[in-house]
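As they're listed, the protein sequences go chains W and R. According to our numbering, the first sequence holds residues 291 to 503 in order. According to our numbering, the second sequence holds residues 291 to 503 in order. What follows is a short report on a single structure.
There are 2 protein chains.
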Amino acid sequence: MAAALQRGLQAEGFAVDLAHDGEQGLHQARHGDYDIVVLDIMLPRLSGYNVCKQLRAEENWVPILMLSAKDGEYDMADGLDLGADDYLTKPFSYVVLVARLRALLRRDAGRRPAVLTAGDLSLDPARRKVERAASPVELTPREFALLEYLMRRHDEVVSKAEILEHVWDTFDTDPNVVEVYVGYLRRKVDVPFGRNAIQTVRGAGYRLAGDGG
Amino acid sequence: MAAALQRGLQAEGFAVDLAHDGEQGLHQARHGDYDIVVLDIMLPRLSGYNVCKQLRAEENWVPILMLSAKDGEYDMADGLDLGADDYLTKPFSYVVLVARLRALLRRDAGRRPAVLTAGDLSLDPARRKVERAASPVELTPREFALLEYLMRRHDEVVSKAEILEHVWDTFDTDPNVVEVYVGYLRRKVDVPFGRNAIQTVRGAGYRLAGDGG
DNA sequence: CAGCCTTCTCAGCGAGGTCTCAGGTCAGGG
DNA sequence: CCCTGACCTGAGACCTCGCTGAGAAGGCTG
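So, in structure tokens, the structure goes:
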């Protein structure tokens with residue numbers, strides 16, 4: 291049945307990966323950056339039930355649509371309690387499945403956080419969180435705005451005038467304040483990690499290395 | 291009354307179908323793909339009570355708002371136990387009805403679990419109950435609304451302006467009132483338990499830690 | 001009407017963030 | 001090798017932001 295679904299969904303325009311047992315599926319879900327997971331309860335090696343539980347325990351919030359036989363050991367309430375986002379019992383209509391998938395994808399499209407990255411440096415504008423090599427970094431609002439601007443233009447050389455305009459919203463301020471804040475940033479995201487992501491381009495401005503320095 | 295409601299809601303921009311008895315309503319709910327169902331308890335042929343029960347038994351999770359006379363055979367707890375998502379007793383204000391409908395639609399846009407959690411902090415919107423580490427916490431309506439909003443957006447930084455818009459339904463109020471209520475909340479859900487779930491992000495707003503602080 | 005609860009305003013305070021300044025360091029050109 | 005201009009940085013003044021206690025206003029209940 292999985293193969294049939296795969297062909298059908300691919301014809302629908304989805305890109306589909308298939309896992310043949312729970313362990314493989316869990317591994318793929320962890321590392322594959324999927325938009326959605328379709329999870330059968332009855333799986334070899336590790337039940338869909340446990341795959342779902344495990345993913346949620348790891349704070350992986352990928353949308354999950356569960357499938358199960360009607361009289362299975364687990365019922366819909368269990369599935370939803372475990373953190374599944376939707377649930378279908380066999381036999382289900384293929385059309386219904388696709389409709390539910392689209393609904394889940396639509397729902398999630400709006401919430402998907404746009405996280406900026408440069409090497410092992412990441413910045414999440416919505417959560418206002420910055421991480422270097424998976425450890426959190428605390429920034430003040432001004433520092434955060436500056437880093438966000440540099441990351442949005444990573445690999446480009448950005449002049450102090452541009453920075454003043456976009457981060458400070460002025461143009462006739464002493465550019466030294468930019469130098470000062472670049473210094474603050476370096477001491478928080480580069481120096482403690484032995485990196486050099488924020489580079490000075492003498493006479494031109496600064497460049498944030500796209501590979502994180 | 292049903293016809294009056296239909297006209298009012300249509301004026302409000304909703305598309306409304308009307309059923310004249312329980313059996314017809316059940317049939318329409320089954321096949322109509324509605325965003326929400328408003329269900330009177332007292333119906334000819336099949337009570338609203340039984341319509342709700344039947345739909346849930348069929349694993350139809352369309353949001354249901356129940357209406358009933360004040361001293362009816364069934365009370366609010368019965369309705370909620372049956373799987374209704376919200377409940378109004380007659381006489382009710384039309385404005386309140388619309389507000390609840392919108393709240394249900396909004397809530398269901400994410401088909402989230404009925405109970406919001408963040409670590410050992412939990413909030414049940416339907417039952418208006420909050421618990422920290424399994425012990426109940428008493429909140430005023432305003433405090434509850436604020437916590438609910440923060441929990442729906444846990445881990446995100448939420449600005450005072452957003453909070454004012456969604457919890458106070460204004461945008462040009464002195465943001466200090468938010469600070470005051472955040473203070474109240476902390477003294478009820480964080481301080482007595484030695485937690486720090488509600489974090490200040492200076493210059494940006496507040497963040498409710500997803501793991502409960 | 002009295003008492004209680006809730007909401008909201010206000011003003012003071014203290015921590016933390018921003019920015020200026022001056023002196024130090026460094027790169028590049030003559 | 002020295003000069004010059006660009007950049008870096010430590011120190012500190014200033015001031016904004018957020019927290020809090022006090023209390024007024026309004027509503028609900030008994």
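C-beta: ideal position from N, C-alpha, C; glycine also.
Asked	Found
By the three-class DSSP mapping on this structure, what secondary structure does W/Pro-426 have?	strand
Quick one: what's W/Ala-408 bridged to in DSSP?	W/Leu-411
Which first and last residues belong to the beta strand (DSSP E) in which W/Ile-488 is found?	488-491
With distance defined between alpha-carbon atoms, name the residue in R/Asp-462, R/Lys-380, R/Asn-340, R/Leu-345 nearest to R/Ser-358.	R/Lys-380
Who pairs with W/Arg-497 in a beta bridge, going by DSSP?	W/Val-447, W/Gln-489
Using a Cβ cut-off of 8 Å, pull out every chain W residue sitting near R/Asp-283, in sequence order please.	This structure gives no information on residue 283 of chain R, because the portion of chain R shown stretches from 291 to 503.
Please list, in chain order, the chain W residues whose beta carbon lies closer than 9 Å to that of R/Gly-493.	Thr-430, Pro-431, Arg-432, Phe-434
List the residues that DSSP assigns as beta-bridge partners of W/Asp-504.	Outside the displayed span of chain W (291 to 503) sits residue 504 of chain W, for which this structure offers no information.
How about R/Leu-378 and R/Ala-487: do their beta carbons lie closer than 8 Å?	no
Work out the CA separation of W/His-310 and R/Pro-353 for me, nearest whole Å.	35 Å
Is W/Arg-417 near R/Glu-438, with beta carbons less than 8 Å apart?	no
Nearest to R/Asn-575 by CA position, among R/Asp-375, R/Leu-333, R/Ile-331, is which residue?	Nothing can be reported for residue 575 of chain R: it is not among the residues displayed for chain R, which extend from 291 to 503.
Since R/Glu-433 and R/Tyr-471 should fall inside the 8 Å C-beta cutoff, what is the C-beta to C-beta distance between them, to a whole number of angstroms?	6 Å
W/Leu-336 by DSSP, collapsed to three states: which one?	coil
Can the beta-carbon of W/Gly-503 be found less than 8 Å from the beta-carbon of W/Gly-409?	yes
I need the DSSP call for R/Leu-299, collapsed to helix, strand or coil.	helix
So, with DSSP's three-state summary, where would you put W/Val-328?	strand
Taking 8 Å as the threshold (C-beta atoms), are R/Ile-326 and R/Leu-395 in contact?	yes
When burial is assigned at 16 or more other CB atoms within 10 Å of the CB, is R/Arg-497 buried or exposed?	buried
Give me the DSSP bridge partner(s) of W/Thr-460.	None, per the DSSP bridge assignment.
Within the continuous beta strand (DSSP E) that includes W/Leu-308, where are the two ends?	Taken as a continuous stretch (DSSP letters only), W/Leu-308 belongs to no beta strand (DSSP E), as it is neither H nor E.
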